[in-house]
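As they're listed, the protein sequences go chains H and V.
Under my numbering, the first residue of the first sequence is numbered 3, with each subsequent residue one higher.
Under my numbering, the first residue of the second sequence is numbered 1074, with each subsequent residue one higher.
Virtual Cβ for every residue (Gly too), placed ideally from N, Cα, C.
Shown next, in structure tokens, is the structure this report addresses.
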Amino acid sequence: MKSKKVLLAALAGLTIPAAAMANVPQVGYAYAQIYQANSTVTLANVSRTGGPVESRLVGLKCIFPSNDDGALVKVEITADAGTTREQDLSITVDPTFFQQESNGAGQLLSGWVPLNVDFASTLLVQLNNTNLGTATINCWVSYWTSIVPE
Amino acid sequence: MRIKLLTLTCALCLLAPFAANASTLEYSYAQIFSANSTVDLVATTSGSGNLNGIKCIFPSSDGGAEVKITATLDGTASSFTIDPSNLERESNGGGQYLTGWIPIGDGFSTSIHVTLNNTSLGTATINCWASWFLN
């Protein structure tokens, strides 16, 4: 009888990881363009509820015009705003030494920049060019969210 | 003796998933060109794994056509639409619009299905690829 209980407990233990892996995943992709001096635009504003959420801002890509004239863009990332897990991150993207389209418009290309910023409930990604010069800059992000059943 | 046997059995049970873990790397391609149509980029496949990334190439004569990607992971569908308007272009050849590899990195536990759809999104010959793996 004792052995049966031990076996049952062991089997139950084996099923827990499988149950914890079950999720409700969703993929996301967002785009924004910034072109006005000293402005801020929202690139992604994500909120996922309905259970414990595991999510990730996976990557960022920006394209700068060939006549960029030194304009930069600051990417501001706020994960889980207003919670104990809040993260406020930012990077400034300078296209000076980027690869360039060899014809067409000769744009400067960041390629996909891996970010891998984890968040639990909300994500806000904004582009800001205050005191960073002005050019028409296009950016994209990719992310995923996943509800993990309790 | 019985407890020892039981412990050994449980230990083997724990090892079994690792022994059976033979991942396969998958790479899928699809082209969409008919108006208001849907094609499979990744056919419905059972199992667990990860959707690594998606890449699409739009023709230079795209004329504003977009493509909607729908990833159904574990039965839950989510979509996004790719507009090539401001993407970089091939430096020669057709001057095609290039998304590059869009990193997705989303896992699934039971099934995957990825489609391309262009309903009301204009029509062009758009090629897409997906990189994914199955555990």
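{"query": "Any chain V beta carbon closer than 9 Å to residue 35 of chain H", "result": "yes"}
{"query": "Residues of its chain near residue 23 of chain H, where Cβ-Cβ distance is below 6 Å and the 5 sequence neighbours each way are ignored", "result": "Because residue 23 of chain H sits at a pLDDT of 47, beneath the cut-off of 50, its placement in the model cannot be relied upon, and the following sentence gives the value as read from the coordinates. Nothing meets the Cβ criterion."}
{"query": "Check whether residue 81 of chain H and residue 74 of chain H have beta carbons under 9 Å apart", "result": "no"}
{"query": "Cβ of residue 1142 of chain V within 9 Å of any chain H Cβ", "result": "yes"}
{"query": "Environment of residue 1176 of chain V [buried if 16+ CB atoms lie within 10 Å]", "result": "buried"}
{"query": "Contact residues within the stretch 1153–1175 of chain V, judged by C-beta distance below 9 Å to chain H", "result": "1153, 1154, 1155, 1156, 1158, 1159, 1160, 1161, 1162, 1163, 1164, 1165, 1168, 1172, 1173, 1174, 1175"}
{"query": "Cβ of residue 1110 of chain V within 9 Å of any chain H Cβ", "result": "no"}
{"query": "Rounded straight-line distance, which links the Cα of residue 88 of chain H to that of residue 1109 of chain V", "result": "43 Å"}
{"query": "Rounded distance between the beta-carbons of residue 1203 of chain V and residue 1098 of chain V, thought under 8 Å", "result": "Going by Cβ atoms, the distance from residue 1098 of chain V to residue 1203 of chain V rounds to 12 Å, so no, they are not a contact pair."}
{"query": "Cα-Cα separation, residue 35 of chain H to residue 1126 of chain V", "result": "23 Å"}
{"query": "Close Cβ partners of residue 27 of chain H (< 7 Å) along its chain, the five nearest in sequence each way excluded", "result": "146, 148"}
{"query": "Where the stretch 1115–1136 of chain V meets chain H: residues whose CB sits under 8 Å from a CB there", "result": "1121, 1124"}
{"query": "Which residues DSSP lists as bridging residue 30 of chain H, in chain order", "result": "H:145"}
{"query": "Collapsed DSSP secondary structure at residue 1174 of chain V in the structure displayed", "result": "coil"}
{"query": "Residue from H:60, H:69, H:113, H:70 with nearest C-alpha to residue 121 of chain H", "result": "H:60"}
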